[in-house]
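Below is one structure, written out as structure tokens; comments come after it.
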Amino acid sequence: MPRFEVMHGNQAIAEGAIAAGCRFYAGYPITPSTEIAEILSDRLPEVDGVFVQMEDEIASMAAIIGASLGGTKSATATSGPGFSLMQENLGFAIGSEIPCVVINVQRVGPSTGLPTKAAQGDVMQARWGTHGDHPIIALSPGSVQDCFDLTVKAFEFSEKYRTPVIVLADAMVSALEERIAVPCAGELAVYERPRPTGSPQDYLPFAFTRGGVAPLAPFGEGYRYHVTGLLHDERGYPTEDSALASRWWDHMHSKIDDNLDDILLYEERHLEDAEVALIAYGGTAMAADRAVSLAREQGIRLGLLKLQTIWPFPEARVRALARACRRIIVPELNFGQLRAEIERVAAGATLVEGINKADGTQITPGEILEVVRRKTGPEA
Amino acid sequence: MSGIQRGVFAIRIDRNYCKACGLCTAWCPQGVIVEDADLYPVTPGIANCINCKLCERHCPDFAIEVLPPEHPDHPSHASAG
Amino acid sequence: MNLQTSLIIRDYLRPAMLPTTWCPGCGLGIIMSSIAQAIHYQGLRKDDVAMISGIGCTGRMSGYMDFNSIHTTHGRAPAFATGLKMARPDMHVFVIMGDGDAMSIGGNHLLSAMRRNIDVTAIVVNNSIYGLTGGQTSPTTPRDSKTATARHRTFERAMELEVLARAAGAPFFARATVNHTASLTKLVERAMQISGFALIEVISNCHVLYGRMNDTPEAATMIAQMDVQTWRSTPALQKRAERAVRMTAAGAASVEPETVDGFEGMSSDQRKDRGVIIENKGSVGFSRRYHSLLEELRNDRRSGGE
Numbered sequence: 000m001p002r003f004e005v006m007h008g009n010q011a012i013a014e015g016a017i018a019a020g021c022r023f024y025a026g027y028p029i030t031p032s033t034e035i036a037e038i039l040s041d042r043l044p045e046v047d048g049v050f051v052q053m054e055d056e057i058a059s060m061a062a063i064i065g066a067s068l069g070g071t072k073s074a075t076a077t078s079g080p081g082f083s084l085m086q087e088n089l090g091f092a093i094g095s096e097i098p099c100v101v102i103n104v105q106r107v108g109p110s111t112g113l114p115t116k117a118a119q120g121d122v123m124q125a126r127w128g129t130h131g132d133h134p135i136i137a138l139s140p141g142s143v144q145d146c147f148d149l150t151v152k153a154f155e156f157s158e159k160y161r162t163p164v165i166v167l168a169d170a171m172v173s174a175l176e177e178r179i180a181v182p183c184a185g186e187l188a189v190y191e192r193p194r195p196t197g198s199p200q201d202y203l204p205f206a207f208t209r210g211g212v213a214p215l216a217p218f219g220e221g222y223r224y225h226v227t228g229l230l231h232d233e234r235g236y237p238t239e240d241s242a243l244a245s246r247w248w249d250h251m252h253s254k255i256d257d258n259l260d261d262i263l264l265y266e267e268r269h270l271e272d273a274e275v276a277l278i279a280y281g282g283t284a285m286a287a288d289r290a291v292s293l294a295r296e297q298g299i300r301l302g303l304l305k306l307q308t309i310w311p312f313p314e315a316r317v318r319a320l321a322r323a324c325r326r327i328i329v330p331e332l333n334f335g336q337l338r339a340e341i342e343r344v345a346a347g348a349t350l351v352e353g354i355n356k357a358d359g360t361q362i363t364p365g366e367i368l369e370v371v372r373r374k375t376g377p378e379a
Numbered sequence: 000m001s002g003i004q005r006g007v008f009a010i011r012i013d014r015n016y017c018k019a020c021g022l023c024t025a026w027c028p029q030g031v032i033v034e035d036a037d038l039y040p041v042t043p044g045i046a047n048c049i050n051c052k053l054c055e056r057h058c059p060d061f062a063i064e065v066l067p068p069e070h071p072d073h074p075s076h077a078s079a080g
Numbered sequence: 000m001n002l003q004t005s006l007i008i009r010d011y012l013r014p015a016m017l018p019t020t021w022c023p024g025c026g027l028g029i030i031m032s033s034i035a036q037a038i039h040y041q042g043l044r045k046d047d048v049a050m051i052s053g054i055g056c057t058g059r060m061s062g063y064m065d066f067n068s069i070h071t072t073h074g075r076a077p078a079f080a081t082g083l084k085m086a087r088p089d090m091h092v093f094v095i096m097g098d099g100d101a102m103s104i105g106g107n108h109l110l111s112a113m114r115r116n117i118d119v120t121a122i123v124v125n126n127s128i129y130g131l132t133g134g135q136t137s138p139t140t141p142r143d144s145k146t147a148t149a150r151h152r153t154f155e156r157a158m159e160l161e162v163l164a165r166a167a168g169a170p171f172f173a174r175a176t177v178n179h180t181a182s183l184t185k186l187v188e189r190a191m192q193i194s195g196f197a198l199i200e201v202i203s204n205c206h207v208l209y210g211r212m213n214d215t216p217e218a219a220t221m222i223a224q225m226d227v228q229t230w231r232s233t234p235a236l237q238k239r240a241e242r243a244v245r246m247t248a249a250g251a252a253s254v255e256p257e258t259v260d261g262f263e264g265m266s267s268d269q270r271k272d273r274g275v276i277i278e279n280k281g282s283v284g285f286s287r288r289y290h291s292l293l294e295e296l297r298n299d300r301r302s303g304g305e
């Protein structure tokens, strides 16, 4: 039986990390994510883990990659300005396929912006923030329970697909207190990093497997290998061979693209008969969920697709939804970052509209309902 | 080892690694190593080698090695095998 | 005591990666040889050693050596090393940086790693120039030098690693050159004894870029000059080392301007000291401290849990 506890989103993220087996955290204080660091500085030593407060977010990202190569599940947490600094080494972790989890509790940007106010302006930064083409996984918690569950999932995906996973939280869920179910010891299936079993001579730490990854040996256990941010061969040695580069890209994309069934997480509500569908994620999904309840009470056939995985983007599901309903409304605390992606996938099959702002206030259920009513009423 | 021995050491130069930088020639205190026409080191004065290893220690490319007589690759063992 | 070159290649390098990409006569190979020998004489198992480098010519070193190696991003090697050391406290972690790597883009990481006293052996190869990108001014380019980005000569002061080490409290600092190879190996070995951040500055040569632009285009000449540009550390030097760092902060020792000779924060003698300059044998590194704390907590849990 899980136990039920009241906690805020940042705490749920920290506890989720511990439950998932995270034993190394490096970070730099930044609002509104700081509680994650504070809690883990306390909690990690209790479970034989390590917390290091680094000199900046560049170093935090570097340190978690180093610790991950040591065989330890590792994470850092930050907010917009720090997430910008992390992009450099985030790219390193992507290219050298080092598992790690990066939590970004979004606030209003650009730059220092509105430090204590929630926003969802880093959606595209999570996708394309570091230079170069690259696959990425980003999960967006839409409740305190999600904060816990998706952090656990983030560790699973990062280990399974040897990639950084971004938990794209926001100041709405991170500061919210809710009663959540926390699995007791042994109840949670924790994904452990597979280890190589063959001989070190034959070990290919960066095998260009299609749709999968080679097991990553921890440093210090006999499999000595080289890790570089340069494009490399299967042993990890730098190469400029374009045939190898092309095989590498195939591996990098297919390890995500071939596993969408596992990676794409979303929840649906009343979509079976919906005329209008909301697509929402993060804290905004809570308002959208309430708007659906209110609409149904008034006989409006409104449904919700709540995205938990936003990258890779759940194209097939959104495409099907676009064909099935008359209108899609996308509330987000930005000026249409994910809406553009939905429009691209919908390709004209339905009308896609946004409810957008980034002024430090939140989108309320009433605001959503108002837009829905306007669009579905007799005058629409 | 007491006293300086000469005439017993051999020098092996690996042309696959050597970049003809001239450091071994510059550091050899006994004039053992000189540059050939392509600037690669050769050892016409090998009889004067005193095994100081200044060439070996200053070689940035792991291309030169002084072989003491007991070393299995020393030419004196070539016919013994 | 000298390790045969063929044994270094066989036991400590990755022959598939050789020859190196470094220019003919570059001191980096000499340094790589010394590090391999130091590890050999210290009797470490290769599995227990990590080699973490940054970017630049120096950054390539980790790939040539047969250890657990990471060729990281520019300047960030100390931060990667911090994570690895904390996850693998029994591993001996080396950090290899260039001068621009360590003191310019990675300055914050270097200072913080020294202040934190993370247990690594750090080697900063100082060749006074950005080599890989083609000879631009680096933080250690001597004043009045020509570089690819200072055709009319530099007028910034050169950064002094020794002063940084002192300011940030590094428990070990030594200076070596690629000319004095036996001493270089010894200094690396001595640094390896330290618990905490042990730093060695190795003066190296970029005759191809710095040298060519500044009248010393030959590797041999440039390396030979190190014998006069540096001098050997003496007991008197040790005393000097204990003097307060010259800084402008309130309470710092004041310095007569005429003794400074245009090099604030540096010795007025332009010859640099060679040898061990700072050595605090009582230092306890961050990792050792943290892991003994974890050990205590484990014991508490064990006794409290019964």
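Protein chains in written order, with numbering that gives the first Met the number 0: chain A, 0 to 379; chain B, 0 to 80; chain C, 0 to 305.
Cβ coordinates follow ideal geometry from the N, Cα and C atoms, glycine included.
These numbers come from a predicted model, not from an experiment.
Quick one: what does DSSP say residue i is sitting in, helix, strand or coil?
i: residue 207(C); result: helix
i: residue 138(A); result: strand
i: residue 364(A); result: helix
i: residue 50(A); result: strand
i: residue 262(C); result: Unreliable positioning characterises residue 262(C) in this predicted model, as indicated by a pLDDT of 39, which lies under 50. The coordinate reading is nonetheless provided below. Coil, per DSSP.
i: residue 355(A); result: strand
i: residue 220(A); result: coil
i: residue 70(B); result: coil
i: residue 133(A); result: coil
i: residue 176(A); result: strand
i: residue 73(C); result: coil
i: residue 22(A); result: coil
i: residue 39(A); result: helix
i: residue 253(C); result: Here the model assigns residue 253(C) a pLDDT of 45, short of 50, so the residue's position is not dependable, and the following value carries that caveat. In the structure shown, residue 253(C) sits in coil (DSSP, three-state: anything other than H, G, I, E or B).
i: residue 57(B); result: helix
i: residue 27(C); result: helix
i: residue 0(A); result: coil
i: residue 114(A); result: strand
i: residue 246(C); result: Only weak support exists for where residue 246(C) lies, its pLDDT of 40 falling under 50; the coordinates are left without a value.
i: residue 174(C); result: strand
Which same chain residues, not among the five before or five after residue i, have their C-beta less than 7 Å away from its C-beta?
i: residue 123(A); result: 336
i: residue 301(C); result: none
i: residue 227(A); result: 95, 235 and 237
i: residue 88(C); result: 286 and 290
Are the CB atoms of residue i and residue j nearer to each other than 8 Å?
i: residue 160(A); j: residue 135(A); result: no
i: residue 209(C); j: residue 128(C); result: yes
i: residue 121(C); j: residue 162(C); result: no
i: residue 306(A); j: residue 139(A); result: yes
i: residue 330(A); j: residue 273(A); result: no
i: residue 203(C); j: residue 124(C); result: yes
i: residue 117(A); j: residue 170(A); result: yes
i: residue 49(C); j: residue 12(C); result: no
To the nearest whole angstrom, what separates the beta carbons of residue i and residue j, a pair I think is in contact under 8 Å?
i: residue 196(C); j: residue 112(C); result: 6 Å
i: residue 275(A); j: residue 309(A); result: The pair is not a contact, with the Cβ atoms about 21 Å apart (cut-off 8 Å).
i: residue 77(A); j: residue 56(A); result: 5 Å
i: residue 3(B); j: residue 42(B); result: Going by Cβ atoms, the distance from residue 3(B) to residue 42(B) rounds to 18 Å, so no, they are not a contact pair.
i: residue 108(C); j: residue 77(C); result: 4 Å
i: residue 29(C); j: residue 76(B); result: Not quite, the Cβ-Cβ distance comes to about 29 Å (not below 8 Å), so this is no contact.
i: residue 368(A); j: residue 290(A); result: 5 Å
Can you name, in chain order, every residue of its own chain whose Cβ lies under 8 Å from the Cβ of residue i, other than the five neighbours on each side?
i: residue 16(B); result: 60, 61 and 62
i: residue 2(A); result: 180, 181 and 183
For residue i, which residues from the same chain have a beta carbon less than 6 Å from its beta carbon, with the 5 sequence-adjacent residues on both sides left out?
i: residue 74(A); result: 16, 21, 24 and 100
i: residue 128(A); result: 86
Going along the stretch 54 to 88 of chain A in order, which residues come within less than 9 Å of chain C, judged by CB to CB distance?
Identification of residues in the stretch 54 to 88 of chain A having a C-beta nearer than 9 Å to some C-beta of chain C yields 54, 55, 57, 58, 59, 60, 61, 62, 63, 64, 65, 66, 67, 68, 69, 70, 71, 73, 87 and 88, given in sequence order.
Members of the stretch 201 to 233 of chain A near chain C, C-beta cut-off 8 Å
Listed in sequence order: 217, 218, 219, 220, 221, 223, 224, 225, 226, 227, 228 and 229.
Name the residues in the stretch 110 to 122 of chain C whose C-beta lies less than 7 Å from a C-beta of chain A; which are they?
Residues of the stretch 110 to 122 of chain C whose Cβ lies closer than 7 Å to any Cβ of chain A, in chain order: 111.
Under 9 Å, CB to CB, which of the residues in the stretch 34 to 48 of chain A have a partner in chain C?
Per Cβ criterion, the list reads 44, 45, 47 and 48.
Could you run through the stretch 55 to 72 of chain C and flag, in chain order, every residue whose CB is less than 8 Å away from some CB of chain A?
For chain A, the residues of the stretch 55 to 72 of chain C that bring a beta carbon within less than 8 Å of one of its beta carbons are 61, 62, 65, 66, 67, 68, 69, 70, 71 and 72, in chain order.
Short-range partners of chain C found in the stretch 33 to 57 of chain B, where Cβ spacing is below 8 Å:
Of all residues in the stretch 33 to 57 of chain B, 52, 55, 56 and 57 have a Cβ within less than 8 Å of some Cβ in chain C.
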